[in-house]
Amino acid sequence: KKERLSLLDEEAWKQLPAYANIKFRPAKGIITDTQEGQFISLPLMRMEEMVFIDIEATAHLDGVAAGVTALKDFMNTYRYTDNSYQANNVTTMEDFIKELMVQKRIEFWGEGITYFDYKRLALQIRRKDNTNYEPSARINSKEGYVCPWMNFFILEYETHNNVACKPNPDTSGSLTVTNQ
798 KKERLSLLDE EAWKQLPAYA NIKFRPAKGI ITDTQEGQFI SLPLMRMEEM VFIDIEATAH
858 LDGVAAGVTA LKDFMNTYRY TDNSYQANNV TTMEDFIKEL MVQKRIEFWG EGITYFDYKR
918 LALQIRRKDN TNYEPSARIN SKEGYVCPWM NFFILEYETH NNVACKPNPD TSGSLTVTNQ
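This is the structure we're talking about:
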């Protein structure tokens, strides 16, 4: 008898729509009743996020080689258990950040976790044609520049009614539009 590793059998998997969110277990494992299954515990920070933060900090504090070793150890222990993950071409901090971001995008697909990495590291956002992005969302940024459209806007209502909330800075005139 085959060990069951999922709440779903093979037929149920085939019926799921493309990109179905199945990362987190519904309450009591109930997938057929939304009134019961909608109550789930969403982790605010997963263990993997903490590990990736630690790996990046290792690279910044102890050098790229130490960061690569930490990344390889994690990936080969928890993701590529056949020890096949290698990061042989990673020799600079820029290379390391690119490789780390690839792994983070895979791990946190659909969770919005890497949004803050893009801001913090001033990474380029590239949404090309022939992708699943809506045409109106194919906004690209320049490398090394954090665009104002990546900032959360705080409504004026909030700043008037919450003394602890500071108004947004005036970013008008800070963005130059060019035909690129």
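By the count of this note's numbering, the sequence shown reaches residue 977 at its end, each step adding exactly one. Glycine included, every Cβ here is placed at the ideal spot set by N, Cα and C. These numbers come from a predicted model, not from an experiment.
Beta-carbon proximity of residue i to residue j, cut-off 7 Å
i	j	result
Tyr915	Arg924	no
Ala824	Ile837	yes
Lys869	Ala854	no
Gln921	Ser933	no
Limits of the alpha helix (DSSP H) - the one that residue i falls within
i	result
Thr829	No alpha helix (DSSP H) contains Thr829, which DSSP labels as neither H nor E.
Glu807	Glu807 to Gln812
Ala919	That residue, Ala919, is in no alpha helix (DSSP H); it is neither H nor E in DSSP.
Ile852	Met844 to Asp859
Three-state class that DSSP yields for residue i in the structure shown
i	result
Tyr753	Absent from the model: residue 753. The displayed extent of the chain is 798 to 977, so no value can be given.
Thr911	helix
Ala961	coil
Thr888	coil
Val865	helix
Asp926	coil
Gly941	coil
Arg902	helix
Ser881	coil
Phe871	helix
Ile936	coil
Phe893	helix
Glu931	coil
Of the listed residues the options, nearest to residue i (C-alpha basis)
i	options	result
Ser881	Thr888, Val865 and Met872	Met872
Thr888	Glu853, Ile828, Val861 and Ile936	Val861
Val943	Leu918, Asp806 and Lys895	Leu918
Met847	Gly941, Ile936, Ala867 and Ala961	Ala867
Phe950	Gly941, Asp859, Asp967 and Asp879	Asp967
Trp946	Asp926, Tyr912 and Glu845	Tyr912
Met844	Asp859, Val865, Leu805 and Ile910	Ile910
Glu908	Arg822, Asn948 and Leu841	Leu841
Gly864	Cys962, Trp906 and Asp892	Asp892
Tyr875	Glu904, Asp859 and Met890	Glu904
Where residue i falls, given that 16 or more other Cβ within 10 Å makes a residue buried
i	result
Lys901	buried
Val899	exposed
Ile894	buried
Val960	exposed
Ile852	buried
Leu813	exposed
Asn976	In this prediction, Asn976 has a pLDDT of 46, which is less than 50 and means its spatial position is unreliable; what the coordinates show is noted afterwards. Asn976 should be labelled exposed.
Ala856	buried
Leu952	exposed
Leu897	buried
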